[in-house]
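*Asks:*
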Amino acid sequence: MKKSAFKSPKLLLSVPIIKQRPELPTGCEITSVTMMLRYTKAKKVTKTKLANEMPRHSSNPNKGFVGNPYTTHGWTIYPKALKKLVKKYAGSSRDLTGSSTKTLERFLRYKNLLSSG
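Reminder that position 70 of the sequence shown reads as 70 in the UniProt record's numbering, one-by-one numbering, no gaps.
1) Taking DSSP as the reference, what is the three-state secondary structure of residue 106?
2) Who does residue 56 pair with in a DSSP beta bridge?
3) Is DSSP giving residue 77 helix, strand or coil here?
4) Could you compute how far the alpha carbon of residue 2 sits from the alpha carbon of residue 86?
5) According to DSSP, simplified to helix, strand and coil, what is residue 100?
6) Does the beta-carbon of residue 14 have 16 or more other beta-carbons within 10 angstroms, so that it is buried, or is it exposed?
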């Protein structure tokens, strides 16, 4: 197989880099969402503001963050639980979990950002 078959077009976006630590040692998902939102519409939103607003749940990451993102004892939050918060700041939200690479590339081509924690 030719080496060129593996080349794909590049798409570089000026997404702000926001460090997760030290404030949110287990808050990778909300930090990723903050970067996405800061690139788009919510220029002044902070990772800690979003961490405080995201839903929490004792055991189900589909319903909220399990644990505490401010400690090393936090676990995770799934996209389904973040949709409402993202929609509040971005105006819309879509869970693309399980989508094909082709679908994800199509979203990126139109400069729609994707977040994966």
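Backbone N, C-alpha and C define an ideal beta-carbon position, used for all residues, glycine too.
Here the structure is a predicted model, which is why all the values come from computation and not from measurement.
*Replies:* In short, the structure shows the following:
1) Counting from one through the sequence shown, the residue named residue 106 turns up at place 106. In this structure, residue 106 counts as helix in the three-state DSSP scheme.
2) By one-based count along the sequence shown, residue 56 stands at place 56. Beta-bridge pairing links residue 56 to 65.
3) Here residue 77 corresponds to residue number 77 of the sequence shown, with the count starting at 1. In the structure shown, residue 77 sits in coil (DSSP, three-state: anything other than H, G, I, E or B).
4) For this step, residue 2 is matched to residue 2 along the sequence shown. For this step, residue 86 is matched to residue 86 along the sequence shown. Residue placement at residue 2 cannot be trusted, given a pLDDT of 49 that sits under 50; the coordinates are not used to answer.
5) To locate residue 100, count along the sequence shown from 1; it is residue 100. Reduced to three states, the DSSP call for residue 100 is coil.
6) As a working note, residue 14 is residue 14 in the sequence shown. Exposed is the call here.
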